[in-house]
Every structure is written in structure tokens, then in C-alpha cells.
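Its first residue numbered 83, the sequence shown is counted upward by one per residue in the numbering used here.
Notes to accompany the following structure.
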Amino acid sequence: MPLALLALAIGAFGIGTTEFVIMGLLPEVAGDFDVSIPTAGYLVTGYALGVMFGAPLMTVLGTKISRKRMLMLLMGLFIAGNLLSALAPSFGVMLIGRVVASLAHGAFFGIGSVVAADLVAPDKKAGAIALMFTGLTVANVVGVPLGTLVGQSIGWRVTFGLVAALGIVGLAGVAKLVPDMPKPEGVRLRHELAALKNVQVLLAMAMTVLGFGGVFAAITYIAPMMTHVAGFADGSVTWLLVLFGLGMVGGNLIGGRYADRALMPLLYVSLGALAVVLALFTLTAHNKAAAAVTITLIGALGFATVPPLQKRVLDQAHGAPTLASAVNIGAFNLGNALSAWLGGLVIAAGLGYTAPNWVGAVLAAAALVLAFVSAALERRDDVPGTVVAGSVPTEQRTAVSH
């Protein structure tokens, strides 16, 4: 694998750290700015919304320049947002800093996925994408726990300052290691937008929303579930999340390895197993050892779907994959927000702290159904003389070679 993928992984590590570390530092931030915990929670919500809307916006703005230069500009935006958060004199300014940093998130992973795939042979594309996403998964194992520890011990401002420094390392890596890949000739914004009309692209994005939403339906409420149901001490939640992160790393690598060989079968297995494991979590959550194993499996099965889904979007978007790839990253955050909301609803309805697991199981099962629908439509499209609505014409598919 090219060294350029290391630079992309470092950038992904920084982005993953800043996205999730705030969850462990909300009490400190709320105390410093004299706001309530729910108000401080807007720092999480604001970031997620910034990713959803920033992914297509920044990608569209970057259609006129080379992908390497756009990646560098995105890392610059990431650095600025985290520095603004670290130095924020008020809660409002910090919220702005979080939104600024989030604008780089979706476009970086979207454009980075295209660049990573272009750097390797066709049969290694999913593996290259998985290697870049390894930075995001390792962030949950190393960056988030360390960032939380530093923030609680020294101060949350130091944490965001260190994250900004990670961004500088990522920027230098992109500048030095990523080859100068000019914007492909013949690609226009209308082609990028047309790819979003492709039924297969939309189905892949829907699978992303539902599949990863299933994961976060359970993980969002992991703290009360583990302390009130499993009987863990409050301090144990950190290492349980590390287990979840380790599962993510393993699942990401497995997904990258096998997506190039059998993409759809991998989705069938991972989504089906995820639905089963989430349903079983309502039972295993009552036992400490079983709960720890289940949390690891949820991380592994959930992230095993990321490389194949991202690759499927790239494949189905054909000659105009950049915008679709970035929007699919936003779909992950949409799934997170949707599942957290649904999980909160069932808890508020008095169904208990394990009820979000059933929500997650239903979402994952729905994603599995969409995978079968997608495959069936693809088989129909392969029949001579049959055209699936929303598919991209052959001449547009071959307009640009990457």
C-alpha cells in the first residue's frame, strides 16, 4: 500500500478523535462555560449536523481544484476549527469552532476514499479505503481515551490544542506524500449530482444510514445500560468503549480484506449477524462478561460494513464518485442522529435501557433487506435490454477513467 494512505489515515485519526472526544469532556466544558450538560450536548449535535451539510457543500466547492489541494484545504479548516475550540472565550464561539471543524469531516473522508481507491490496483480498492478508515477506528481505541484523560487531568483546551497539532501533522503528510492528482478532465458538477439519482447509490446510502444507525442505537446509551443493567461501575464505561473501538478496528480490516472479493455476500453476513447480535444484546446486557463480548462484536460487525458500503457507492457512482462518496459519509452521521433519537424515544416510553438494542436490530435488519433489494435490481439490470431507473448511462460511466 502506498505511503500516501498513511497521511490519509493520520488525518482520519485526528478527525475521529475530535468527533468523539467531546462526549467524555462534556462535564468539564459545561462547568467552564457555566452551561447545563444538555446545552453542552449541542457541541455533539452541531458537529453531526455540520458533517451532514458540510460534506456535499465542501465537495461541490472543491470541484474546481485538484483533490490533493482540496484535502490540504480541508485539513487547514480542521486545524482552524480545533484551535478556535481550544481558545474559545465563550460557549457560542466554541460551538462555532466545532461546526468549522466538522465541515472538513465528510468531504475529507469522501474525497480521501476516492484518492485512496485511485492509488491502488482495482482489486485492492476496498483495502485501501479500509486502511484510511483505520485512522478513524484507532482514534476510538487510542485518541479518544487519551484525549479524555488529558482533558480531565490538564484541561479540555489542551486536548483540542493537541488535536489541532494532529491536524498539522496530517496536513504535512498530505502535502508530502499524496501525489499531485489533478481533477479528472470531463467531470462536471452536473455529473456528480446525476450520480445521486442512481438507484444503487441511493440504496447504498440507505444501507449506510440503517446499518450504522443500528450500531449507534445501542452504543449511544451504552453508559446507562452498562451501569444500571449490567452492574458495571461508572469508571468501567471507558474500557468498554475501548473494546468497542478494538472491534471497530478488526471489523474495518476484515471488511476491507473481503469487500474486494465478495462485496455483497460480506454485506449479507455482516448486516445479518449485526441484527442478531443487537437483538441478543437485550439478554447479554444483564451479564458483565457477555456484555463485554457483545459490545466488541457490535463494533466489529458494524464497521465491517463500512469499506464495502463506501466502495459500493464509488462503484455505482461510476465516473462521478466524489460527491456521492462524501454524501455517504454524511449518511453515517444521519444514521447516528436518527438512531440516537429513536433509542431515546423507547427509553422515554418506559421500555428500559436495553430497548434501544431492539431498535438497532430492526434498523440493521432493514439494511439487510435493502441489500437483497439492491442485488436483485443489479441482477435485473444485467439482463440485456433492461435498464434500471436512475442508472447512469454507459457513455457517462466511461467518460472519465480514474
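Cβ atoms here follow ideal geometry from the backbone N, Cα and C, with glycine treated the same way.
Please read these numbers as outputs of a predicted model, since none were measured by experiment.
Rounded C-alpha distance that separates residue i from residue j
i, j, result
"LEU379", "LEU228", "23 Å"
"GLU101", "LEU108", "13 Å"
"VAL251", "GLY93", "8 Å"
"ALA437", "GLY425", "7 Å"
"LYS258", "GLY179", "27 Å"
"VAL291", "VAL126", "18 Å"
"LEU328", "VAL311", "23 Å"
"ALA221", "LEU159", "19 Å"
"ALA374", "PRO204", "38 Å"
"PRO138", "ASN369", "43 Å"
"LEU156", "ALA189", "8 Å"
"GLY194", "THR230", "27 Å"
"THR216", "LEU166", "27 Å"
"VAL142", "MET214", "22 Å"
"LEU322", "LEU360", "16 Å"
"ASN122", "ALA199", "Checking the sequence, you will find Ala at residue 122 rather than Asn. Each residue's alpha carbon lies about 38 Å from the other."
"ALA471", "ALA447", "The predicted position of ALA471 is uncertain, since its pLDDT is 44 and thus under 50; a value taken from the coordinates is nonetheless stated next. Using only the alpha carbons, I get a separation of about 25 Å."
"THR468", "VAL455", "The pLDDT assigned to THR468 is 48, lower than 50, so where the model puts this residue is not dependable; a value taken from the coordinates is nonetheless given after this. For THR468 and VAL455, the distance between alpha carbons rounds to 16 Å."
"ASP463", "VAL351", "23 Å"
"PHE314", "TRP238", "26 Å"
"SER318", "ALA305", "9 Å"
"LEU348", "TYR435", "31 Å"
"TYR129", "ALA344", "34 Å"
"ALA89", "ALA430", "44 Å"
"THR99", "ALA458", "39 Å"
"ALA170", "VAL117", "14 Å"
"SER82", "THR320", "The structure shown does not extend to residue 82, since the chain spans only 83 to 484, so no value can be given for it."
"THR376", "THR309", "15 Å"
"GLN234", "GLY106", "9 Å"
"VAL482", "ASP316", "Any reading at VAL482 needs caution, since the residue's pLDDT is 36, under 50, leaving its predicted position unreliable; the model's value is listed next. In a straight line, the C-alpha of VAL482 is about 54 Å away from that of ASP316."
"GLY136", "LEU177", "15 Å"
"GLY243", "GLN282", "41 Å"
"ARG461", "ALA112", "53 Å"
"ALA371", "VAL428", "25 Å"
"ARG149", "PHE385", "26 Å"
"ASP342", "ILE236", "44 Å"
"ASN439", "TYR303", "9 Å"
Residue of the options minimising C-alpha distance to residue i
i, options, result
"ALA422", "VAL226, VAL441 and ALA406", "VAL441"
"THR366", "MET307, ASP114, ILE97 and ALA199", "MET307"
"LEU79", "PHE298, LEU165, ASN334 and ALA373", "Nothing about residue 79 can be reported from this structure: the residues present for the chain run from 83 to 484 only."
"ALA91", "PHE191, GLY123, ILE236 and VAL142", "PHE191"
"THR387", "LEU420, TYR340 and ALA399", "TYR340"
"VAL256", "PRO138, GLY106 and LEU153", "LEU153"
"ASP262", "ASP316, TYR350, GLY381 and ARG151", "ARG151"
"LEU405", "LYS279, LEU383, TYR350 and ALA355", "LYS279"
"ALA168", "GLU110, VAL359, LEU459 and ALA443", "GLU110"
"VAL444", "VAL245, PHE363 and SER318", "PHE363"
"LEU284", "LYS146, GLN398 and VAL103", "GLN398"
"ILE104", "VAL260, ALA162 and VAL232", "VAL232"
"TYR124", "GLY174, GLY113, SER407 and LEU349", "GLY174"
"ILE336", "ILE304, GLY381 and THR320", "GLY381"
"VAL451", "GLN234, ALA357, MET140 and GLY106", "ALA357"
"MET134", "LEU420, TYR303 and ALA371", "LEU420"
Residue i: CB within 7 Å of a non-hydrogen atom of the ligand SAH
i, result
"THR320", "By its list of ligands, the structure shown contains no ligand whatsoever, and the ligand SAH lies outside what it can speak to."
C-beta atoms of residue i and residue j nearer than 8 Å
i, j, result
"GLY132", "VAL181", "yes"
"ASN410", "GLY295", "no"
"ALA453", "MET287", "no"
"GLY225", "PHE95", "yes"
"GLY432", "LEU353", "no"
"ILE97", "HIS187", "yes"
"LEU201", "ALA86", "yes"
"ASN334", "ALA212", "yes"
"ALA355", "LEU325", "no"
"PHE115", "SER184", "no"
"MET289", "ALA449", "yes"
"ASN164", "VAL245", "yes"
"ILE147", "LEU253", "no"
"VAL197", "VAL260", "yes"
"GLY338", "PRO389", "yes"
Meets three-Cβ-pair contact criterion under 8 Å: the stretch 381-401 and the stretch 200-215 = When C-beta atoms of the stretch 381-401 are compared with those of the stretch 200-215, three or more pairs fall below 8 Å, so the two segments count as touching.
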